[in-house]
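With the first letter of the sequence shown counted as 1, position 206 gets the number 206 in the working numbering; the numbers rise by one all the way through.
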Amino acid sequence: PKPIPEISPLPPVSYAEEEAEIKLKHQKLKEAENALALQQKKIDSLTQLDSSSEVPPLIRGVRGDQNLKLILEHEQANLKNLETALTTAQIQLEVQESKLTTAKENRAYIEYQRQLEQNRRAIALSQQHQSLQQTESERQILLAEREYSQAQIETQIQEIDYQIEQLSTVKAPYEGTIKKVKWTGQSDHNLTAVVTLSVNDHRATIANDRAKSTPNTEARQTTQAEQ
Numbered sequence: 001p002k003p004i005p006e007i008s009p010l011p012p013v014s015y016a017e018e019e020a021e022i023k024l025k026h027q028k029l030k031e032a033e034n035a036l037a038l039q040q041k042k043i044d045s046l047t048q049l050d051s052s053s054e055v056p057p058l059i060r061g062v063r064g065d066q067n068l069k070l071i072l073e074h075e076q077a078n079l080k081n082l083e084t085a086l087t088t089a090q091i092q093l094e095v096q097e098s099k100l101t102t103a104k105e106n107r108a109y110i111e112y113q114r115q116l117e118q119n120r121r122a123i124a125l126s127q128q129h130q131s132l133q134q135t136e137s138e139r140q141i142l143l144a145e146r147e148y149s150q151a152q153i154e155t156q157i158q159e160i161d162y163q164i165e166q167l168s169t170v171k172a173p174y175e176g177t178i179k180k181v182k183w184t185g186q187s188d189h190n191l192t193a194v195v196t197l198s199v200n201d202h203r204a205t206i207a208n209d210r211a212k213s214t215p216n217t218e219a220r221q222t223t224q225a226e227q
């Protein structure tokens, strides 16, 4: 049978790159939060200065009010930029965390698929082993049947040899060469046959005929033998 291939081990997994990116994004988010908090305190301070009653209007003057207003508007714009930067930092952190989650899920899926392959391979090995056992069992059965058949044939041959040994010997009244044997019948254990002889003295005769033989003819012997 075709060998079932081994399943290659998975390479080692590392999430160091994703974790480093997440750590960096956390740091940037913290910086954005601190910058936003400082900017907010700065604006709060300017707002308090603008509404403070401790500074007489004559001292501040019209130009001072205008300058403070422009400064507040500028700082408010910076605050919005910092809020946007904070939102961007939060999104970037979420993206990196999502990448790490996706990487772990992909790894878990690959490990799950490999486990399925291992299970399928184990099942295939078990089926192959069972098939080999069944083939070997069938081979042993065939060998046993063949040995049994051979033993039966040998037994039959021995029985035939024994029966042949038990046959009565048929002797012809004349010396000669057997030219033909013709079986004429069987009764129980008796076999009847006609034997044609070529006698050495060139005289032929039939055993059950008392007539004189003529030269250079074949002799025929009708005989019976016990089986």
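Ideal Cβ placement from N, Cα and C applies to all residues, glycine included. None of these values were measured; they are calculated from a predicted model.
Closest by C-alpha distance to residue i, when choosing among the options
i	options	result
leucine 76	Arg120, Val199, Lys30, Asp44	Here the sequence assigns glutamine to residue 76, which means leucine is not the residue at that position. Nearest of Arg120, Val199, Lys30, Asp44 to glutamine 76, Cα basis: Asp44.
glutamate 19	Leu132, Ala103, Leu82	Ala103
alanine 89	Val181, Glu33, Gln150, Ser149	Glu33
Beta-carbon gap between residue i and residue j smaller than 9 Å
i	j	result
leucine 86	tyrosine 15	no
lysine 25	glutamine 92	yes
glycine 185	threonine 196	no
isoleucine 7	glutamine 128	no
leucine 72	glutamine 39	no
glycine 176	valine 199	yes
leucine 68	leucine 49	yes
Residue i in three-state terms, based on DSSP
i	result
valine 13	coil
serine 149	helix
serine 137	helix
serine 8	coil
Beta strand (DSSP E) segment containing residue i, residue limits
i	result
isoleucine 178	176–187
* Asked: Three or more C-beta pairs closer than 8 Å, one from the region 109–129 and one from the region 22–37: is that the case here?
  -> no
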